[in-house]
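Here this note's numbering = 1-based position in the sequence shown + 809.
All C-beta atoms in this analysis are idealised placements derived from N, C-alpha and C, irrespective of residue type, glycine included.
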Amino acid sequence: MLERVEQVSTAAEIVLSLALMLFAGFFVTRLTKRLRLPNVTGYILAGILIGPWALRLIPVSVIRHMDFVNDVALAFIAFGVGRYFKLSALKKSGAKVIAITLAESLVAAAAVTLTMIFIFRLPVPFSLLLGAIGCATAPASTIMTIRQYHAKGPFVNIILQVVALDDAVSLIAFSVCTVVVQNLNDSRAMDFGLVLRPLFLNLAALAVGVLGGWLLSRLITEGRSQDHRLVLVVAIILGVSGVCTLFDVSPLLSCMACGTAYCNISGSKKLFKQLNAFAPPVLLLFFVLSGMRLNVPALAGAGIIGVGYFIVRIAGKYAGAFLGAAAAKCDAATRNYLGLALIPQAGVSIGLAVLGQRMLPPEMGTLLSTIILSSAVLYEMIGPASAKVSMVLAGVISKKPDPSAAEPVVEPNSPTD
810 MLERVEQVST AAEIVLSLAL MLFAGFFVTR LTKRLRLPNV TGYILAGILI GPWALRLIPV
870 SVIRHMDFVN DVALAFIAFG VGRYFKLSAL KKSGAKVIAI TLAESLVAAA AVTLTMIFIF
930 RLPVPFSLLL GAIGCATAPA STIMTIRQYH AKGPFVNIIL QVVALDDAVS LIAFSVCTVV
990 VQNLNDSRAM DFGLVLRPLF LNLAALAVGV LGGWLLSRLI TEGRSQDHRL VLVVAIILGV
1050 SGVCTLFDVS PLLSCMACGT AYCNISGSKK LFKQLNAFAP PVLLLFFVLS GMRLNVPALA
1110 GAGIIGVGYF IVRIAGKYAG AFLGAAAAKC DAATRNYLGL ALIPQAGVSI GLAVLGQRML
1170 PPEMGTLLST IILSSAVLYE MIGPASAKVS MVLAGVISKK PDPSAAEPVV EPNSPTD
């Protein structure tokens, strides 16, 4: 639509496009809210609707120049994940939660990777990246369901800790796989220098993140106004992300380390809540943009592969959670039903798909992005219901909904109304 208007400056085109994306995301969620679907689903559907494969309201040239939205949104998402790594809480849960998280994440990743390689005969780099992305679980939908039904108890505590650690495992697994993929894509013989350099850069990125978190904890004092607190945290997040991007390193681990360091040094989570109030427009744009970039015609080609990923990941999550809980000697309810609460997949996985798409040949990159985006919509549709079923079967909540539903949680990867 905008590209048909004559004499529209580039700046005006971008600003009007951003406004249209915000309105589209808002209005589509009015419909998805009535259908009891997560807002993330509405944002992705809005992007598909106004994108180049449907109404064509946003020029393709504008979409191509919006990578900065991805970088900013991913930085916010990763920083928000860091809040869940409070050392005092991790000490109480001990090795139990870590064992469950590693098992359910890595079993799902291995199942997806092996299925893609040996059943669908897809390239190893593609399969590794898709498997690493398959580790991730979107915590927002599950946490909102827990709050809505006022669920409490050991089973709920394990769910919360596992979904918090899940994204970290996915980020680490993805970072390791990127090193392998970079070497596989290199036509020369294996060069250990090529292996060590990305590892060194990722360790340096972690150090930058920790330094940023420490600096933020020193700058955020009791006397700071709310406005200045917000200015400082956004500046630190963008600074950490920018340094990583400068050296061609994923900012996800670094920004997560920044959030973790700040949370543990300051001992406060108030800043995360304030950032959550600021982040929704940015995250809305990120998910709408992801929807616009979804190659709808490619869905036909991804059909059976996408279905395979969708089913195998769920099976891997459930089997891994069962094995991890059994190894940690958890009760029967945790062993049998925890996996049902680990289905949702959105924010971090979509961000990783964007990064993975850049590393693969165009055809494989498009297939990767298409599978993750389309499955994310389906996962977000069935995820909350599945989480509720897991808690009902575990005896944590009753089958009837609580009329006095709690106020929804505003999570960093799923802005709510």
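Output the distance between the C-alpha atoms of Val1019 and Gly1112, rounded to the nearest integer angstrom.
For Val1019 and Gly1112, the distance between alpha carbons rounds to 42 Å.
If contacts are defined as beta-carbon pairs under 8 Å, then Ser979 and Ile955 qualify, I think. What distance do you get, rounded to the angstrom?
That belief does not hold up - the Cβ atoms of Ser979 and Ile955 are roughly 21 Å apart, past 8 Å.
In chain order, which alpha helix (DSSP H) runs of at least 4 residues are fully inside the segment 995 to 1064?
1001 to 1028 and 1035 to 1055
Three or more C-beta pairs closer than 8 Å, one from the segment 1090 to 1103 and one from the segment 847 to 861: is that the case here?
yes
Report yes or no: do the segment 920 to 928 and the segment 1150 to 1160 share at least 3 C-beta pairs separated by less than 8 Å?
no
Between the Cα of Val1042 and those of Asn1011, Phe1087, Ala821 and Val1058, spot the shortest distance and give me the residue it belongs to.
Phe1087
Using 8 Å as the Cβ pair cut-off and three pairs as the minimum, do the segment 928 to 946 and the segment 981 to 996 touch?
Yes, since at least three Cβ pairs between the segment 928 to 946 and the segment 981 to 996 fall closer than 8 Å, the two stretches touch.
Determine the DSSP secondary structure at Gln1154, reduced to helix, strand or coil.
coil
Where does Glu1172 land, buried or exposed, given buried means 16+ other C-beta within 10 angstroms?
exposed
Tell me the residue span of the alpha helix (DSSP H) that contains Ala1137.
Where Ala1137 is concerned, there is no enclosing alpha helix (DSSP H), given that its DSSP letter is neither H nor E.
Counting pairs of Cβ atoms below 8 Å between the segment 865 to 875 and the segment 837 to 849, do you hit three or more?
Output reads no: the segment 837 to 849 does not touch the segment 865 to 875.
In this structure, how does DSSP classify Leu840 when only helix, strand and coil are distinguished?
helix
By DSSP, does Met791 sit in helix, in strand, or in coil?
There is no way to answer for residue 791, as the model of the chain reaches only from 810 to 1226.
Under three-state DSSP, which class holds Met875?
coil
Could you spell out the range, first to last residue, of the alpha helix (DSSP H) harbouring Asn912?
The amino acid at residue 912 is misidentified as Asn; the sequence shows Ala. Ala904 to Phe927 is the extent of the alpha helix (DSSP H) around Ala912.
Which value, in whole angstroms, describes the spacing of the CA atoms of Lys909 and Glu822?
Note that residue 909 is Ile in the sequence shown, not Lys. If I take the Cα positions, the gap works out to 48 Å.
With DSSP run on the structure shown, which of helix, strand or coil describes Cys944?
coil
Kindly indicate which three-state DSSP category Gly1174 falls into: helix, strand or coil?
helix
Which residues in the same chain as Lys1078 place their Cβ atom closer than 8 Å to its Cβ, once the five residues preceding and following it in sequence are excluded?
For Lys1078, where only same-chain residues beyond five positions count, the Cβ hits under 8 Å are Arg892 and Cys1072.
Taking Ala973 as the reference, which of Ala945, Ala960 and Glu1031 has the closest Cα?
Residue Ala945 is the option with its Cα nearest to Ala973.
Applying the 10 Å Cβ sphere with the 16-neighbour rule, what's the burial state of Asp1226?
Caution applies to Asp1226, whose pLDDT of 40 falls short of 50 and renders its modelled position unreliable; the model cannot decide the point.
Flag this pair as yes or no: are the beta carbons of Val1017 and Ser1063 separated by less than 7 Å?
yes
Under 7 Å, do Leu1147 and Ala912 count as touching if we go by C-beta distance?
no
Give me the residue from Ala833, Leu1092, Ile1046 and Phe964 with the minimum Cα distance to Ile1206.
Phe964
Mind checking whether Val1091 and Thr850 have CB atoms under 7 Å apart?
Not in contact: Val1091 and Thr850 (Cβ atoms no closer than 7 Å).
Need the endpoints of the alpha helix (DSSP H) that Ile853 sits in, please.
Asn848 to Ile859
Quick check on DSSP: helix, strand or coil for Gly1076?
coil
Count the CB pairs spanning the segment 1021 to 1038 and the segment 1111 to 1131 that are closer than 8 Å, and state whether there are at least three.
no
Considering only their Cβ atoms, is the gap separating Leu1084 from Gly834 smaller than 7 Å?
no
Could you check which residue in Val1052, Val1058 and Ser1075 has the C-alpha nearest to that of Ala1030?
One point to set straight first is that residue 1030 is Thr, not Ala, in the sequence displayed. Among Val1052, Val1058 and Ser1075, the Cα nearest to that of Thr1030 is on Ser1075.
Checking 7 Å against the spacing of the C-beta atoms, do Leu1117 and Ile1152 come in under that value?
The sequence as given places Gly at residue 1117; Leu does not occur at that position. Result no, Cβ atoms of Gly1117 and Ile1152 do not sit closer than 7 Å.
Taking the CB atoms as reference points, tell me whether Met1200 and Ala960 lie closer together than 7 Å.
One thing to note: Met1200 has its Cβ within 7 Å of the Cβ of Ala960.
Measure the beta-carbon distance from Leu1108 to Val881 and round it to whole angstroms, keeping in mind my assumption that it falls under 8 Å.
In fact, because the Cβ distance is near 28 Å, the residues do not count as touching under 8 Å.
Does Ser1183 come out as helix, strand or coil in the three-state DSSP assignment?
helix
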